[in-house]
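Numbering-wise (this note's numbering), the sequence shown opens with residue 233 and increments by one.
For each residue, glycine too, the CB sits at the ideal point set by N, CA and C.
Step one of this worksheet: look at the structure below.
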Amino acid sequence: MLFIRSLLFKICLVLVTIIEMALFTPFYFFLPHKAAWIVPRSWARSLFWLQKYLVGLNYRVEGSENLPQGPYIVAAKHQSTWETLVLPLYIPDPSFILKRELLWIPFLGWFLAKMGMVPINRGAPLQALKILIAKGKEKAAQNRQIIIFPEGTRKEPGAAPAYKPGLFPIYAELGLPVVPVALNSGLYWPKKRFCLYPGTIKCRILPPIPPGLPRRDFMQKLEAVIENNCDILLAEAAAAPRPPYLPPVAAARLRAIEALRAPE
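Okay, here's the thing in structure tokens:
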């Protein structure tokens with residue numbers, strides 16, 4: 233049954249995407265980018281509706297009051313496709329840092345380019361960093377928010393963190409607060425499994441880290457606050473009445489958390 237519901241969701245995802253592109257494309261590219269956000273946001277809401285009623289998968293976002301006004305950097309944990317859909321519903325005018333290959337995909341790439349996303353070449357990290365800083369300053373001057381995944385790619389829930397050092401130069405050069413985001417989406421919409429799992433994805437927007445911290449303090453604080461909250465969300469999901477499938481690395485991390493919390 234889970235396989236069938238997941239299959240139905242993915243079929244409907246493709247159909248809704250094709251239908252909405254056909255409906256919106258004639259005028260989408262003529263709208264100012266702020267007005268054009270109505271298109272990807274309505275698409276994301278359609279997918280979340282399908283996710284809820286076909287798979288039984290809901291979501292909850294906590295801490296939206298922690299989002300500051302004006303430009304800022306969002307440093308989000310990346311476990312699934314899900315967070316790329318939900319974050320634009322809560323952030324006024326975001327610009328994602330993404331791999332340039334996504335812009336080469338017909339239609340999808342055109343839609344992303346219209347919204348002013350920042351593509352980078354992962355194979356040339358020094359050049360990518362220069363582009364990120366230059367484009368980041370440009371987006372900040374436009375009063376936009378920059379979304380970056382500090383580990384660079386999706387990670388399995390519970391996997392050892394691997395935060396890239398390139399985030400610090402961006403933080404230091406732009407002089408903006410960084411909003412950490414923790415989540416457990418990979419338990420319900422996993423990267424390497426076909427099925428989606430019923431339950432409630434939780435996403436936690438945490439208090440911003442102010443600009444001006446030294447490299448060591450900033451990186452340690454960012455990693456600690458995201459990973460600690462991801463551990464909490466992992467434990468909450470495992471304790472739910474209908475827990476999702478726990479991949480081996482998540483189950484091992486959960487055992488480690490429980491061992492740390494056990495009384496001596």
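* To do: Give the DSSP-derived three-state secondary structure of Ser296 in the structure shown.
  => By 1-based counting over the sequence shown, the position of residue 296 is 64. Here Ser296 sits in helix by DSSP.
* To do: Would you be able to state if there are at least three C-beta pairs under 8 angstroms between the stretch 261-268 and the stretch 442-458?
  => no
* For the stretch 245-261 against the stretch 390-401, are there 3 or more C-beta pairs whose distance is under 8 angstroms? -> no
* Per DSSP, cross-strand counterpart(s) of Asn290 -> Position 58 of the sequence shown, counted from the first residue, corresponds to residue 290. DSSP lists Thr432 as partners of Asn290.
* Within the chosen definition, does the stretch 282-297 reach the stretch 324-339 through at least 3 CB pairs nearer than 8 angstroms? -> no
* Bridge partners - Val413, DSSP secondary structure assignment -> Walking along the sequence shown from the start, residue 413 turns up at place 181. The partner list for Val413 (beta bridge, DSSP) reads Ala308 and Ile437.
* Asked: Three-state secondary structure (DSSP) at Leu465?
  -> Position 233 of the sequence shown, counting from 1, holds the residue named residue 465. Reduced to three states, the DSSP call for Leu465 is helix.
* Along the alpha helix (DSSP H) that carries Ile489, what are the first and last residues, could you check? => Against the sequence shown, residue 489 aligns to sequence position 257. Pro480 to Arg493 is the span of the alpha helix (DSSP H), which, as asked, contains Ile489.
* To do: If I'm right that Ser327 touches Val287 with Cβ under 8 angstroms, what's the distance once you round it to whole angstroms?
  => What you label residue 327 is simply residue 95 of the sequence shown in a count that begins at 1. What you label residue 287 is simply residue 55 of the sequence shown in a count that begins at 1. About 30 angstroms; that fails the 8 angstroms criterion.
* Asked: For Lys371 versus Ile378, is the C-beta spacing smaller than 7 angstroms?
  -> Here the question's residue 371 lines up with position 139 in the sequence shown. Here the question's residue 378 lines up with position 146 in the sequence shown. Yes.
* Beta-carbon proximity list for Gly444, same chain, < 8 angstroms, skipping 5 on both sides -> In the sequence shown, residue 444 corresponds to position 212, counting from 1. Gly407, listed in sequence order.
* Asked: Within the present structure, is the beta-carbon of Leu415 separated from the nearest heavy atom of the ligand GTP by less than 6 angstroms?
  -> Although the ligand GTP was asked about, the structure shown includes no ligands whatsoever.
* **Proximity below 7 angstroms, CB of Gln311 to CB of Ser417** => Taking the sequence shown and counting its residues from 1, the one referred to as residue 311 is at position 79. Taking the sequence shown and counting its residues from 1, the one referred to as residue 417 is at position 185. Yes, these two residues count as a Cβ contact at 7 angstroms.
* Asked: What three-state label does DSSP hand Ile352 in the structure shown?
  -> Locating residue 352 in the sequence shown gives position 120, where the first residue counts as 1. In this structure, Ile352 counts as strand in the three-state DSSP scheme.
* Below 8 angstroms on the Cβ atoms is my guess for Ile437 versus Val413; work out the distance and round it to an integer in Å. => Against the sequence shown, residue 437 aligns to sequence position 205. Against the sequence shown, residue 413 aligns to sequence position 181. Confirmed, about 6 angstroms.
* Grab me the residues of Ile489's own chain with a C-beta within less than 8 angstroms of its C-beta, minus the 5 sequence neighbours each way, in chain order. => Within the sequence shown, numbered from 1, the residue matching residue 489 stands at position 257. Counting only Cβ-Cβ distances below 8 angstroms, and skipping sequence neighbours, we find Asp463, Leu466 and Ala467.
* What are the start and end residues of the beta strand (DSSP E) that includes Ile329? -> In the sequence shown, counting from the first residue as 1, residue 329 sits at position 97. First-last of the beta strand (DSSP E) with Ile329: Pro326 to Lys331.
* **Cβ-Cβ separation, Pro409 to Pro442 (assumed contact under 8 angstroms), whole Å** => Within the sequence shown, residue 442 is the residue found at index 210, counting from 1. Within the sequence shown, residue 409 is the residue found at index 177, counting from 1. Their Cβ separation, rounded to whole angstroms, is 6 angstroms, which keeps Pro442 and Pro409 in contact under 8 angstroms.
* Asked: Of the residues Ala276, Val411 and Pro324, which one's Cα is nearest the Cα of Asn375?
  -> Looking up residue 375 in the sequence shown gives position 143. Out of Ala276, Val411 and Pro324, Pro324 has the C-alpha closest to the C-alpha of Asn375.
* Nearest-angstrom Cα separation, counted from Pro401 out to Tyr285 -> The count along the sequence shown starts at 1 and reaches residue 285 at position 53. The count along the sequence shown starts at 1 and reaches residue 401 at position 169. Using only the alpha carbons, I get a separation of about 43 angstroms.
* **Backbone secondary structure at Ile402 - three-state DSSP** => What you label residue 402 is simply residue 170 of the sequence shown in a count that begins at 1. The answer is helix: DSSP assigns Ile402 an H, G or I state.
* Out of curiosity, what's the CA-to-CA distance linking Tyr322 and Trp314? -> Numbered from its first residue, the sequence shown carries residue 322 at position 90. Numbered from its first residue, the sequence shown carries residue 314 at position 82. Between Tyr322 and Trp314, the C-alpha separation is close to 13 angstroms.
* Asked: Where DSSP assigns a beta bridge to Ile380, which residues make up the other side?
  -> Translated into the one-based positions of the sequence shown, residue 380 becomes position 148. According to DSSP, Ile380 bridges with Ala307.
* To do: Tell me whether Gly368 sits in a helix, a strand or coil according to DSSP, three-state version.
  => Here residue 368 refers to the residue found at position 136 of the sequence shown. Correct three-state label for Gly368: helix.
* **Ile250 classed as buried or exposed, judged by whether at least 16 other C-beta atoms fall within 10 angstroms** => Working through the sequence shown from its first residue, we reach residue 250 at position 18. Classification of Ile250: exposed, given that the 10 Å Cβ count is below 16.
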